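Each remark here refers to the structure printed beneath this line.
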Amino acid sequence: MLLIRKMSRRSKANSYLLYVLMLVGCLSFSSGLLAQIDERQMMLLANNCLQCHASAETGAPLIGNAEKWRSISAKGEDKILENVVHGIGGMPPLGYCSACSEDDFRVLIRFIAGLPDQKGH
Ligand code: HEC
Numbered sequence: 242m243l244l245i246r247k248m249s250r251r252s253k254a255n256s257y258l259l260y261v262l263m264l265v266g267c268l269s270f271s272s273g274l275l276a277q278i279d280e281r282q283m284m285l286l287a288n289n290c291l292q293c294h295a296s297a298e299t300g301a302p303l304i305g306n307a308e309k310w311r312s313i314s315a316k317g318e319d320k321i322l323e324n325v326v327h328g329i330g331g332m333p334p335l336g337y338c339s340a341c342s343e344d345d346f347r348v349l350i351r352f353i354a355g356l357p358d359q360k361g362h
C-alpha cells in the first residue's frame with residue numbers, strides 16, 4: 242500500500258517509465274522483440290517518445306496499436322526512419338531525442354511499431 246501511494250506521487254516522467262516497465266513485462270512473454278532493445282534505449286524511449294506515443298490526445302500512433310502500425314510499416318523501415326529524423330505531421334524531427342543515434346532510432350521504431358527485428362523474430 243505504501244509503495245502504491247509513493248508511486249502515485251511521482252512525477253509524470255516516472256509514470257511513463259513505470260508504463261514502459263509494465264509494457265516490457267507483458268511483451269517479454271509474448272514476443273522476441275525485447276532481445277534487441279537495451280536499457281539505455283528503453284530510457285530514450287521513455288523520456289522522448291512515450292509522451293506522445295502512449296498518449297491518445299496527441300494524435301500519435303499509439304504503441305501497441307497493431308492495425309495503425311501495419312499501414313505505417315508498409316512504407317518500409319528506411320522511409321519511416323527518414324520521417325522520424327525529419328519529422329512528419331505532428332511528429333517532431335528526431336522525436337525530441339537528440340541523444341539517439343541512427344541505430345537507436347531503428348531499434349525504437351521497430352519496438353514502437355512492433356516490427357520484427359532483422360533476424361525475423
Ligand atoms: C510531440 C509528440 C511526439 C513525440 C515526442 C514523438 N512522436 Fe512519433 N509521432 C507523433 C505523431 C503525431 C505522429 C503521426 C505523424 C503523422 O503521420 O501525421 C508520429 C509518427 C511516428 C512514426 C511513424 C512515422 C511514419 O512514417 O508514419 C514513428 C516511427 C514515430 N513517430 C516514432 C517516434 C519515436 C521513435 C519517437 C522518440 C524518439 C517519437 N516518435 C516521438 C508524435 C510524436
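For what it's worth, the working numbering labels the leading residue of the sequence shown as 242, then goes sequentially.
Here a beta-carbon is modelled for each residue, glycine too, at the ideal position from N, C-alpha and C.
The structure presented is a predicted model; accordingly, all values stated were derived computationally and were not measured.
### Task
Determine, using beta carbons only, whether Q282 and V326 come nearer to each other than 7 Å.
no
#### Entry: Straight-line gap, C338 to L322 (C-alpha atoms, nearest Å)
13 Å
### Message
Taking 8 Å as the limit between beta carbons, can you name the residues of its chain near H294, skipping five residues before and five after?
### Response
A301, P302, L303, I304 and I353
### Task
Assuming T299 contacts G331 (C-beta within less than 8 Å), just tell me the rounded distance between them.
Indeed they touch by this definition, with Cβ atoms about 7 Å apart.
### Message
Helix, strand or coil for I304? Go by DSSP, reduced to three states.
### Response
coil
### Query
If we ignore side chains and look at the alpha-carbon of each, how far apart do N324 and G317 end up?
11 Å
### Task
Assign A315 to one of two classes, buried (16 or more other C-beta atoms within 10 Å of its C-beta) or exposed (fewer than that).
exposed
### Query
So, L285 versus D345, is the Cβ gap smaller than 7 Å?
yes
### Query
Is G331 near the ligand HEC, going by C-beta to nearest heavy atom under 6 Å?
yes
### Query
Rounded to a whole number of angstroms, what is the C-alpha to C-alpha distance between L356 and I350?
Cα to Cα, the separation comes out at about 8 Å.
### Message
Please classify I278 as buried or exposed, where buried requires at least 16 neighbouring CB atoms within 10 angstroms.
### Response
buried
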